[in-house]
Every structure is written in C-alpha cells, then in structure tokens.
Amino acid sequence: MKSDNKIPEIKTTNQKSAKIESENKEYAELVVVKPVGYPFDFTMMDENIEIKNINLFEEYAREQWLGLVVCENSFLFDQKIIPDYGFEIVTAKPNNSIISDNTKIKIIVDKIENKQENVKFDITLNDIVGQENAKSKVKVITKYLEDPESFGPWAPKNILFYGLPGTGKTMLVKALSNELDVPLYLVKATSLIGEHVGDASSKIHDLFKKASENAPSIIFIDEIDAIALHRSFQSLRGDVSEIVNSLLTEMDGIEENKSVITIAATNNQSSLDLAVRSRFEEEIEFKLPDENERLEILEKNLNTMPLDHELDLERIVKLTKGLSGRDIKEKILKTSLHNAISNDSYTITMENIEYALNSFKIKNSDVKGMFE
C-alpha cells in the first residue's frame, strides 16, 4: 500500500526528471486522457485499445505517470504494455499540476478512425519481364483468393522469393496486390525488430493479426533474413531465437487465417533459419534477365522516356549482361536520360548510354574495392 503522504518525483510530461520547485506546483485532483495512438503510422499496429477494467487502468496509469507535470492538450506516453502509445490530456485539474497518489485518472475511449488506405501501385503483371515460375505461382494465388473454399487444405500459404537485388521480387508482389485489389502489408523485416526484449514478437503478432482481420490479404516481408537468421547467428544478435520462434508460431497458425498469403523475400536463402525455411511450401528463384528479356526491358522503358532516342538496342543488350532489370532502368537508362538533359540534348544517344555504363562500372568497382 502506498503512503498518501509520499512526495512524488516531479517530472515533465516527456517523462524525464525536471528540476521544478514543489511549492510552485499543485497536485492534480483529476486528469482525463483519451487515446490517440502512435506518433508514427505502422501498418501492422492497431490504433484502438480496449479497456477491460477502468479502475485497473487508473491504478496502472497513476503508477507509471506518478510525478509527471500535466498540462491540457499535451501528451502522455505508455512505456510498459504498449510502449510509445500516446494519450492526449483533455482535462487537468488544476492545469499544469503534478500527478500524485491521490490523482484520479479517467479515460475517454473512442474508436480511433483508421486512416490507413489500401495502397495502390501503378504496376501490373504485364509490366514484369520474365520470372515465369513466379508468375505461375501468382496465378495459383489469384485463383485461391478468388475462391478460397475450393482449395480446402491445399491452399497456398507461405512462399519464398529469392534472388539478386533488383530482379523484381517486390515489384511482382505489388502487381499481384494491385490486380487482386486486396490489402498488401508490405514491411521491411528490419522494421519488425524492436529495441527491447519482446518488441519483435509483439510486432510480428500484430502484423499477422492485422492481415487476418482484413483478409483476403497479402503479407510481404522483404529481407526476411534480417529477422529469420540461422540460429548459429545467435551470438551476433541475442534475440535471434525469440524472433524466429515468434515467426514460426505465426506461420504455423496461418491456416486458421483464411485467405492470408505470406510471401517473403531474401537475397540469400542459405542464411535463413532452417525451421523457418521449411515452412515455405515453395522457393521461387528470381533470375537476372537473359538477352531477350533485357531487350524487352529496354523497349518498355524507352517508350516512356520524355526524350527521343537513337540507340543500338542490340549493342546495349550485350553491354548490360549481368545487370538486373532495376539496374538497367535506374542505373543505365535514367542516368543516360539525365546526361542528355544536362547537355541540352533532345535525343538520347549511345554516347549517353556509354556515359551511364562507365559511371555504373566505376561505382561498382569502388564498392568492391572497399572490402579488398
């Protein structure tokens, strides 16, 4: 039992100790707060909270906010169960006072409007060159999401895309989501790693819960090796086992989440935890484009260029061997376009292409040299 005569440590509402003379502050009689959510938009985090016991919440809030100076229209943040979740101070009596053991704390619970909209991408499956194995799997996913009941226990659930950067893994998922008009929960695996023990597990659970609530939906975890490392890397990151176990729990439970597809991507599938890797029903490789595919990539992108072009496409195809589709578009075509514009030219020529190729080779050699 806490003593009513206890003089709390005085703090400001940013929850850091402040040097304030106690005689200049009154103790708060009443503080009314309302939940406002997180300071950032996390697609996997539910903004709404449910208070099961008002009296229990009051005790919980008073204990962690004890000694804080409260001002109306400022904010308090939870630091225990739901870290960084914000509450606006609607009423503080008297204003600019201190929370004590005797302060009554009330909460106004209204549903927070979910402002998140289904993200639309201006990408279609026709925009993707090559990757026929992946497109075949996408066809299966499409049929499943259109009629999930017909698949029964044979539904596609967990799929792994692997291959070099820039080969179209993320692009294909965006196109699939766009054409099916279903919510896409596209997250970088690194965004699921928390600062404290248990944070990652909570974020992973929230991600799958959100997708399930909005099914049919697609979860796309990019760079999954960041959170599903082989357990031999436990010495490098102490939370590896915790994160892997959380991911396994959600992936194993996905059959309960009808019409939820989990797609993950990695540049190096060999670094994945074996248990996680075994949960993927299929591993689909994304390969670098061959000559015909590089020609198609060039033609598709040149048609959208703001300048005319006089180019030897067959020669460019030969010169871009070993480059990904993204490299061809971003490193070669875009650089050549900008080079032409900077030289006041209205036409992209092979001279601009050669400039882009040389720039790309120099950058690549610099990166390699860093580790030699």
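Numbering of the sequence shown is given in the UniProt record's numbering, commencing with residue 1 and proceeding in unit increments. C-beta: ideal position from N, C-alpha, C; glycine also.
{"Asked": "Residues sharing a beta bridge with GLY37, DSSP", "Found": "GLY86"}
{"Asked": "LEU172 to ILE108 span [Cα, whole Å]", "Found": "44 angstroms"}
{"Asked": "Rounded Cβ spacing between ILE218 and LEU176 (contact assumed at less than 8 angstroms)", "Found": "7 angstroms"}
{"Asked": "Endpoints, beta strand (DSSP E) assigned at ILE221", "Found": "217-222"}
{"Asked": "Cβ distance (whole Å) where ASN158 is taken to contact GLU281 below 8 angstroms", "Found": "6 angstroms"}
{"Asked": "Length of the line joining the Cα atoms of THR262 and GLU330", "Found": "28 angstroms"}
{"Asked": "Cβ pair GLU275, ILE224 closer than 8 angstroms", "Found": "The sequence as given places Ala at residue 275; Glu does not occur at that position. Going by C-beta atoms, ALA275 is not nearer than 8 angstroms to ILE224."}
{"Asked": "Whole-angstrom distance between THR266 and PRO165, CA atom to CA atom", "Found": "9 angstroms"}
{"Asked": "Residues near ILE332 in its chain [Cβ-Cβ closer than 8 angstroms; skip 5 each side]", "Found": "ILE316, THR320, LEU323, ILE353, ALA356, LEU357 and PHE360"}
{"Asked": "Three-way DSSP call (helix, strand, coil) for ASN114 in this model", "Found": "A caution first: ASN114 carries a pLDDT of 40, below 50, which makes its placement in the model unreliable, though a value can still be read off. It is coil, neither helix nor strand."}
{"Asked": "Distance between ALA215 and ASP252 (C-alpha atoms, nearest Å)", "Found": "17 angstroms"}
{"Asked": "Cross-strand partners of TYR162 (DSSP beta bridge)", "Found": "THR266 and GLU285"}
{"Asked": "Coil, strand or helix - residue 407 by DSSP", "Found": "Because the chain is modelled from 1 through 372, residue 407 falls outside the range shown and cannot be assessed."}
{"Asked": "Cutoff 6 angstroms; reference GLU58; Cβ partners in own chain excluding five residues on either side", "Found": "ILE105"}
{"Asked": "Cβ distance (whole Å) where ASN178 is taken to contact ILE123 below 8 angstroms", "Found": "6 angstroms"}
{"Asked": "Helix, strand or coil at SER336 according to DSSP, with G and I counted as helix", "Found": "helix"}
{"Asked": "LYS137 classed as buried or exposed, judged by whether at least 16 other C-beta atoms fall within 10 angstroms", "Found": "buried"}
{"Asked": "Unbroken beta strand (DSSP E) run spanning TYR185, endpoints", "Found": "184-188"}
{"Asked": "Unbroken alpha helix (DSSP H) run spanning LYS106, endpoints", "Found": "Unbroken run through LYS106 is the beta strand (DSSP E), 104-107; no alpha helix (DSSP H)."}
{"Asked": "As assigned by DSSP and simplified to three states, the class of THR320", "Found": "coil"}
{"Asked": "Rounded straight-line distance, which links the Cα of GLN131 to that of GLY163", "Found": "11 angstroms"}
{"Asked": "LYS157, DSSP secondary structure in three states", "Found": "coil"}
{"Asked": "As assigned by DSSP and simplified to three states, the class of PHE151", "Found": "coil"}
{"Asked": "Contact test: ASP181 Cβ vs the ligand ADP heavy atom, cutoff 7 angstroms", "Found": "Ligands displayed in this structure: none; no statement on the ligand ADP is therefore possible."}
{"Asked": "For ASN292, the nearest candidate out of GLU314, ASN303 and SER246 (CA to CA)", "Found": "GLU314"}
{"Asked": "Beta-carbon proximity of THR103 to GLU29, cut-off 8 angstroms", "Found": "yes"}
{"Asked": "Buried or exposed by the 16-neighbour rule on C-beta atoms within 10 Å, applied to LEU229", "Found": "buried"}
{"Asked": "Extent of the continuous beta strand (DSSP E) run through residue 423", "Found": "Limits of the chain in this structure are 1 at one end and 372 at the other, which puts residue 423 out of reach."}
{"Asked": "Residue range of the unbroken alpha helix (DSSP H) whose run includes GLU291", "Found": "291-302"}
{"Asked": "Cβ neighbour criterion (16 or more within 10 Å) applied to LYS133", "Found": "In the sequence under discussion, the amino acid at residue 133 is Asn, which differs from the Lys named in the question. Burial call: exposed."}
{"Asked": "As assigned by DSSP and simplified to three states, the class of ASP308", "Found": "strand"}
{"Asked": "Coarse secondary structure for GLU354, derived from DSSP in three states", "Found": "helix"}
{"Asked": "Among TYR38, ASP290, THR170 and ILE297, the one whose alpha carbon lies nearest that of PHE161", "Found": "THR170"}
{"Asked": "Sequence-distant residues of its chain with Cβ nearer than 7 angstroms to LYS115 (five each side left out)", "Found": "Summary for LYS115: the model assigns pLDDT 37, below 50, so the residue's position carries little reliability; its value from the coordinates is reported in the next sentence. Taken in chain order, the list of residues that qualify is empty."}
{"Asked": "Neighbour-count burial assignment, GLU250, 16 or more Cβ in a 10 Å radius", "Found": "buried"}
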